[in-house]
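J.: Would you mind keeping the following structure in view while I ask a few things?
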Amino acid sequence: MELERIALPPRGPLELPLSILEVGCTGRFELITQEEKPDGDGFPLTTLPHGLPPYAEELASELEQRFLSSPDWLPIHHFERSHRFWPREKDVESLFEVGVTPVHSALQADRNPTTGELLGFREALVDNMGLSAKNSLSFQRAPGPPTEALRGSATNYPFWPGGIDEPSLEQMKTQGDLEEDIDFQKDLLTVPPGWKKGVKFTKQELKASPGLLNLTHLLGALDTFELGSSSDEEGKEKAEEAEKRKKRGKGRRGAQGEEKPPVEPAPLQRASSLEELVLKEVTSGPKPAPPAAPALAAEPPKEQWAIPVDVSSPVDDFYKRIPDPAFKWPFETDVFQKQAILHLEKHDCVFVAAHTSAGKTVVAEYAIALSQKHMTRTIYTSPIKALSNQKFREFKKTFGDVGLLTGDVQLHPEASCLIMTTEILRSMLYNGSDVLRDLEWVIFDEVHYINDSERGVVWEEVLIMLPDHVNIILLSATVPNTLEFADWIGRIKRKKIYVISTLKRPVPLEHHLYTGNSQKTQNELFLLVDAHGSFLTKGYYDAVEAKKERASKHSQTFGAKQPMHLGGGPGQDKNIWLSLINMLRKKDQLPVVAFTFSRNRCDDNASMLTTIDLTTNTEKSEIHVFFQKWISCLKGTDRQLPQVVHMVDLLKRGIGVHHSGILPILKEVVEMLFSKGLVKILFATETFAMGVNMPARTVVFDSIRKHDGANFRDLVPAEYIQMAGRAGRRGLDTTGMVIILCKNQVPEMADLHRMMLGKPTQLQSQFRLTYTMILNLLRVEALRVEDMMKRSFSEFHARKDSKVYEHRVAQLSTMLAKMDVADMSGQLSDLQEYYCVVRELQETREFVQRRIMESVNGLKALSVGRVIVVNNQEHKNALGVILQVSSDSTNRAFNSLVICEKNPTEGDSAANPEGGMSSTADVPLPDDLLRTRLFLPEGSCGHVIKKLGPADISGVTTKTLRVNAERILEDFKKRQMPRFRNDPPGPSAATATQELLRLAEGSPEGLPLLDPVNSLQLKDIEVVEGVMKARHLEERLLGFQCVHSPRFPTEYIRFQERQRVQEELEQLRFRLSDQSLMLLPEYHQRIEVLRSLGYINEGGTVELKGSVARQISNHELLLTQLLLDNTLTDLRPEEIVALLSCTVCQVRTQVEPQLPSVLQKGIEHIRSVAEEIALLQRKCGLQESVEDFVEQYKFGLVEVVYEWARGMPFAEIARLTDVQEGIVVRCIQRLDETCREMRNAARVTGEPTLHAKLESASNMIKRDIVFAASLYTQ
């Protein structure tokens, strides 16, 4: 035994010759240690007669066994069993294969219309072949797949927007023909692109200087003598040549309107000598008078797209005109509602502006019923998600077939009426949703939300992008510029908009002041505005007196030096609320909505009313049952949240709180209980006034001042009217009561009057360019961003007169074509340059003079007695002296005595001394420009007293006169009376006139003027540069030769007239062009940013980065950069979603979050990327500062979201931050939308790992109370 060796296994331990033998069918096994025979025949592994049942070995294990574990199978020298491949054979003919084109025609059956008998078939052409959502904007394109029917796809083209003329096939063909039809003899360019000058191939005539004999011209004229045709053949040849020339001219592109007949040579003039002929040529020329304007066509009629509808007279024949209405109400509709319904039946677009609770929803309901009758669809858009949920519940009860689309909810998408936020509709429009095919109406509720600085642009984008067949219904609160806004929409959509506006309230409002909790006034309200809208000053003064009496009692009790902050402390606030509620309860004025402009003060006001109980036992039981029913859907821990427990206690006592810090499900419970009348007093912020009709008996304003994000200010009339409109329940109350609490002092009467009876805020454009909008439009060649900007509300005023401008352009073009061109040959070759220098000098002098008049030192110099040079329509370089200066800084005026020709009626305006002279006297010569030749009267010198504006004073001299201004003005005023009109001027006026005449005669070439820089000490860089520029231009004037030509005055006037027409033409063309768009510079800057980041190429084509950014609606640049630099790919899902919270968090927190190092690094990286983007934007010219761009990303909720995604209960989450629960929930809900957009973007880039992580992150945060279903959808 000791000598025996154990045989080691030949290879590794896994290859020991061990196996198991199954013995019989009893399940007994034996161990076998025999090696496999070399020929591969193994022992039987079972004692059964036929062996083991057959089975197929797994393919993967077989491949692994044969090719990877058995290298012997691939011997080195025996290639027969090695890998095999077949080389690809060349097939050049396969390159010539083309895909099958769509069928151009189809067979249509011809049938007998009476019997239906088949008569035969005919071939009919098929239009719009091969159109799809990927290459066409037409509704003729094939529908997309059913999965994309609702929201569309980011790769789809949008449908063609209404109001923009879609190019037809004929237009495209015509344009193509014009581009190809080029005359290679006449249409070739003579100036290369980008060059200023080129080669002139026209035959130039040699012209001699005036006064010299031009023999070339004389001999050339002999060649033009017509001796007549020698034969009929020559006449025919000439006629054929003329016909050919005519045909060739017709084919030229763009030259039809500019063709001129060939210029006939001037006939030889008869003269007795050659010298006389030369003189005739020099002196004869165009007439100095400008050409008469041609007969102008009548201006086009002004387009009126907004049509106001009269709602003052009743619609008596309503039921005759609509015998079978699509919808009937249990009440009689108002006049404005009937007018709107009549226009809806005609498929007109309507804009209904009415007060809150006036019944605008009736119009929307009829449109929905009408679309169901027509078997079409309606989209109802609202500005906020909560309002969408409320409208869904309301319309679901009424119509049944209603769907809801919000960021995280999609209910019944196939319904005929879809309710959604405006952002969802914008996405559907850009993504070419097939829902638009069946769409008949789009209803925009709360249109005045277009004034929102952040989201107002969405309304403008949607209105511009809506297709032509969709009709528009606009519902808004009363705004002063409804016609203007409707005119803009009608102009861009090329549709009439019928404006139905009513100021009538179904329940009139009475506005009161409540001064405090003294025994005398605790039950007294001071009426300020009655139900007829009259402002009662007596009520205001009574309130002031009551407040003073309370203050005096306070000073007697506590001492006069005590601070006068009445109602400032919590105890005082509690007392005033207790007094008010008791008074309202006695007067049966409950329920009441108390608007408070602070979330914390809402909570404090509700919490301090511990002694108030406004509900009966029955109501308490009803509230308890209702609350428990809806809260039962929450988890156990969520039901015990402090906010939930506190709200239960408040609601049972009839008190509610409603603001953005409240959990969404609790807000909905409060709203439902309030609508049932179980909440008696509701402390709410102004968001409660924006939404579904939930009126109260009374509205109370805790204060009339609010913080708007920048500073504290009074409520504007639109805000006050929107909130006060919640007072008064239609059918229950005769009037609605509005109460303003005067806790401290009574507000100023002027402030109250402006707030209550002032005009609401106008609808204003908040249009701005976003990168997503630019990328969405750049990918579609037919749609331009310039077209979107041109149709925005901000450009409306500049573009509304475009038809008039086009008409004027046609007029001026005709006028310009008929005007003679100035001769600028020979000595007049520098005429154009001289004109430009003169214009520039005059403009520079006007600018400097304007700055002098605006400066402090200039106004000091323009005091009484200063001698000035006056230039206007009546006076030419006339001296004057200032007598009086007005105190109005905006419209500064100077009463001055100006010398003039003595007229029979002294005091009339001076006669124009140049009135009888020819127009050549207006030609500016260098001497006139360099020296101011003062006006000297030809006869006796007179004077006139004139009120001059800053533009009338062309120079301020260094001279001053001692004048008795008051006496001169009194004397002039007396001589204006008919009795004293012929009296001679007084001695003071006569002395001043003689002094001015003496100065003018002593210096006829001009008096010295005050130097702006040295004398007036104007050191502004623009003024200094202007003075230096004027001196330089004056020096240049002396070097021009054209002024020495005898034809200079005539040719200058001709050139000037032509130039003025040309400048006006260029200005009008500029207004009509894209270059006049206000946002065009910013567009080019944003394009440069996108090009620098690689989102678009040099040609403007959207690249992969741009396609990724298009998937993201907000903060697209930052999120795209994070996605593409793989910052998020290496993180875990909960870390990704925590970092993304910076894009949705808009609140600052005081709590310092405790974050792991990974998140700290992520935050630093996000800030660095944001800084890079901000620096690039500044480099490209955008105005947003780097600090503002980086600071918009707030990381206060990173820890909260991180822990929530890891599964922490909401009760513990609330303790991590000082942010209120409702805001946390809203941020996490919006974060889910961001995750979905990022998921789509990751799919575009081909990042399956990141796509999976983002989907996982979205699932992690979608749980419990944060994503509890809305009560309105159940």
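Everything in the sequence shown is counted per our numbering, starting at 18 for the first residue and increasing by one.
Quick reminder that beta carbons are idealized off the backbone N, C-alpha and C, glycines included.
(1) Taking L35 and E47 to be in contact with their CB atoms under 8 Å, please state how far apart those CB atoms are, rounded to whole angstroms.
(2) Check for me: the beta strand (DSSP E) holding R730 runs from which residue to which?
(3) Taking all protein chains shown into account, do 16 or more other C-beta atoms lie within 10 angstroms of the C-beta of R128, making it buried, or fewer, making it exposed?
(4) T715 and A548 - do their beta-carbons sit closer together than 7 Å?
(5) Once the 5 residues before and after K512 are set aside, which same chain residues still bring their CB inside 6 Å of it?
(6) Buried or exposed for A150, going by 16 or more other Cβ atoms inside 10 Å?
(7) Less than 6 Å between the CB of M392 and some heavy atom of the ligand MG, yes or no?
(8) Output the boundary residues of the beta strand (DSSP E) element that contains S122.
(9) Our contact map puts L1214 next to V1236 with C-beta atoms below 8 Å; I'd like the distance itself, whole angstroms only.
(10) Between D605 and chain B, is the shortest Cβ-Cβ distance under 7 Å, so that the two count as touching?
(11) Alpha carbons only, please: which of S782, Q762 and G959 is nearest the one belonging to M1095?
(12) If we ignore side chains and look at the alpha-carbon of each, how far apart do R867 and T907 end up?
(13) Could you check where the beta strand (DSSP E) with R722 kicks off and where it finishes?
(14) Do V973 and L1027 count as a contact pair if the criterion is CB distance below 7 Å?
(15) Quick one: give me the first and last residue of the alpha helix (DSSP H) that A1017 is part of.
(16) Is Y397 helix, strand or coil by DSSP?
(17) Apply the 10 Å Cβ neighbour rule to M16 and answer buried if 16 or more other Cβ atoms are within range, or exposed otherwise.
(18) Using 7 Å as the threshold, is the C-beta distance between G1239 and G678 below it?
(19) Going straight from the alpha carbon of H529 to that of S493, what length do you get?
(20) Within this structure, are the beta carbons of S388 and D462 separated by less than 7 Å?
(21) State the DSSP-derived secondary structure class of L491, mapped to helix, strand or coil.
(22) Considering only the beta carbon of each residue, do P484 and L453 sit closer than 7 Å?
(23) Among the residues of its own chain, which have a CB less than 6 Å from the CB of A503, if the five just before and after it don't count?
(24) Could you round the C-beta distance between D655 and I1282 to whole angstroms and report it? I think they count as a contact, below 8 Å.
(25) For the alpha helix (DSSP H) containing V975, name the first residue and the last one.
(26) Write down the C-beta distance between G694 and T373 rounded to the nearest angstrom, noting that I regard them as a contact closer than 8 Å.
(27) Whose C-beta lies closer than 6 Å to the C-beta of I869 among residues of the same chain, with five residues either side of it excluded?
(28) Can you give the Cα-Cα distance for H465 and T439, rounded to whole angstroms?
(29) Just how far apart, CA to CA, sit E1099 and S444?
(30) Give the secondary structure of H4 by DSSP, where H, G and I count as helix, E and B as strand, and everything else as coil.
(31) Going residue by residue through the stretch 1070–1149, where are the continuous alpha helix (DSSP H) segments of at least 4 residues, counting only ones entirely within it?
(32) So, is L942 buried or exposed, given that buried needs 16 or more other C-beta atoms within 10 angstroms?
(33) Alpha carbon to alpha carbon, what distance is there between I985 and D1000?
(34) Look up Q739 in the DSSP assignment and say whether it is helix, strand or coil.
(35) With three or more beta-carbon pairs closer than 8 Å as the criterion, would you say the stretch 1139–1155 touches the stretch 821–836?
(36) According to DSSP, is M664 helix, strand or coil?
T.: Reading from the atomic positions:
(1) Not a contact, Cβ separation roughly 12 Å.
(2) F729 to D731
(3) Classification of R128: exposed, given that the 10 Å Cβ count is below 16.
(4) no
(5) C366
(6) buried
(7) Of the ligands one can find in the structure shown there are none, so the ligand MG has no counterpart to examine.
(8) S122 to R128
(9) 7 Å
(10) In summary, chain B is missing from the structure at hand, where a single protein chain is found.
(11) S782
(12) 14 Å
(13) That run of the beta strand (DSSP E) goes R722 to H724.
(14) Cβ distance < 7 Å, so L1027 and V973 count as in contact.
(15) A1017: member of the alpha helix (DSSP H) spanning P1004 to G1019, first to last residue.
(16) In the structure shown, Y397 sits in a strand (DSSP, three-state: E or B).
(17) Outside the displayed span of the chain (18 to 1291) sits residue 16, for which this structure offers no information.
(18) yes
(19) 27 Å
(20) no
(21) Three-state DSSP puts L491 in a strand.
(22) Taking 7 Å as the cut-off, the beta carbon of P484 is found closer than this to the beta carbon of L453.
(23) A323, F368, I514 and V516
(24) 4 Å
(25) Position check: residue 975 holds Thr in this sequence, whereas Val was assumed. Judged by DSSP secondary structure, T975 falls outside any alpha helix (DSSP H) and instead within the beta strand (DSSP E) spanning I970 to T977.
(26) With 8 Å as the limit, G694 and T373 do not qualify as a contact, their Cβ atoms being about 19 Å apart.
(27) G875 and P1029
(28) 13 Å
(29) 24 Å
(30) Since the displayed the chain opens at 18 and closes at 1291, residue 4 lies outside it and no answer follows.
(31) With a minimum length of 4 residues, the continuous alpha helix (DSSP H) runs that stay inside the stretch 1070–1149 are 1097–1110, 1121–1126 and 1133–1141.
(32) exposed
(33) 14 Å
(34) Helix.
(35) Using a C-beta cut-off of 8 Å, the stretch 1139–1155 makes no contact with the stretch 821–836, since fewer than three inter-stretch Cβ pairs fall below that distance.
(36) helix
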